[in-house]
Ligand code: FPP
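In the working numbering, the protein residues as written are 19 to 266.
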């Protein structure tokens with residue numbers, strides 16, 4: 019495998035972790051078994067970001083749409099998240115990882131929310147890696163919430179409608195102080211964005227893997243980074259313009 023160029027690492031990686039259920043099914047086990055194994059991939063990829071000094075990692079852990087799954091799976095997912103937050107907090111503190119939540123707190127079971135808030139509080143002073151869990155999250159809902167808050171600020175005289183720029187709008191999102199994601203990874207062989215970071219992914223590079231999330235570990239994450247480093251990020255410009263920019 020090619021080596022990673024530390025000067026060209028993404029600042030923010032977002033991951034749609036898909037394929038836990040299929041991974042379990044292939045092994046004649048229930049879907050929860052796949053989610054449990056998926057949590058091990060979460061740990062490994064987060065450690066890898068920390069090691070490489072990638073400052074932001076955002077993981078899609080529970081979408082607004084996931085409520086439609088069987089009740090038993092939904093409650094097993096909450097229980098897994100709860101256990102994960104409890105077991106990983108010491109390592110987060112030790113490695114100075116800041117945990118954040120993107121999404122709607124309303125609807126998250128009280129005990130999970132309390133655990134989440136505790137981990138967020140106890141890691142709030144760290145900045146080596148911002149690990150964000152998108153939980154009870156939907157990109158459209160996030161955009162609507164931002165639009166409502168801006169409208170409220172206009173109504174109450176804190177803003178004029180014409181103040182609204184890309185930057186101002188971004189500041190109303192859950193990710194207000196984050197850089198936009200440079201790289202979005204989706205495992206599980208699907209080619210959808212599934213309501214994930216819809217506003218923020220405007221210029222992100224997309225990387226899809228056929229592998230199921232529990233099989234996506236450090237080596238596969240490194241491969242995604244090497245692939246990313248081979249991309250030409252044009253932000254709407256031509257390839258020739260980029261070459262002349264770099265010689266200016
Ligand atoms: C998609 O697989 C995965 C999810 C809906 C949940 C993501 C959760 C985890 C990776 C578990 C642990 C997370 C943390 C942060 C501890 P799927 O069930 O849709 O798989 P399928 O497409 O094969 O059915």
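Using N, Cα and C, we set each Cβ at its ideal position, and we do this for glycine too.
Near ligand 1: residue i beta-carbon under 8 Å from a heavy atom
| i | result |
| --- | --- |
| residue 63 | no |
| residue 81 | yes |
| residue 214 | no |
| residue 217 | no |
| residue 38 | yes |
| residue 35 | yes |
| residue 41 | yes |
| residue 221 | no |
| residue 75 | no |
| residue 78 | yes |
| residue 53 | yes |
| residue 147 | no |
| residue 137 | no |
| residue 57 | yes |
For residue i, the nearest candidate out of the options (CA to CA)
| i | options | result |
| --- | --- | --- |
| residue 29 | 258, 195 and 236 | 195 |
| residue 50 | 98, 138 and 154 | 98 |
| residue 81 | 197, 192, 233 and 151 | 151 |
| residue 42 | 230, 259 and 244 | 230 |
| residue 198 | 25, 26, 222 and 178 | 222 |
| residue 186 | 220, 167 and 227 | 167 |
| residue 184 | 202, 165 and 174 | 165 |
| residue 192 | 56, 46, 96 and 76 | 76 |
| residue 160 | 214, 249, 33 and 79 | 214 |
Exposure label - residue i; buried when at least 16 CB within 10 Å
| i | result |
| --- | --- |
| residue 254 | exposed |
| residue 218 | buried |
| residue 154 | buried |
| residue 63 | buried |
| residue 244 | exposed |
| residue 204 | buried |
Cut-off 7 Å between Cβ atoms - residues of its own chain near residue i, not counting five sequence neighbours on either side
| i | result |
| --- | --- |
| residue 123 | 131 |
| residue 133 | 100, 103 and 104 |
* To do: Taking only runs that begin and end inside the segment 204 to 230, name each unbroken beta strand (DSSP E) of 3 or more residues, in chain order.
  => For the segment 204 to 230, the continuous beta strand (DSSP E) assignments of 3+ residues that do not extend past its boundaries occur at 223 to 226, in sequence order.
* Which residue spans inside the segment 71 to 155 form an unbroken beta strand (DSSP E) run of at least 3? -> Within the segment 71 to 155, the complete beta strand (DSSP E) runs of at least 3 residues are 74 to 81, 115 to 120 and 147 to 155.
* Asked: Counting only runs that start and end within the segment 161 to 204, where is the alpha helix (DSSP H) found for 4 or more residues in a row?
  -> 184 to 188, all fully within the segment 161 to 204.
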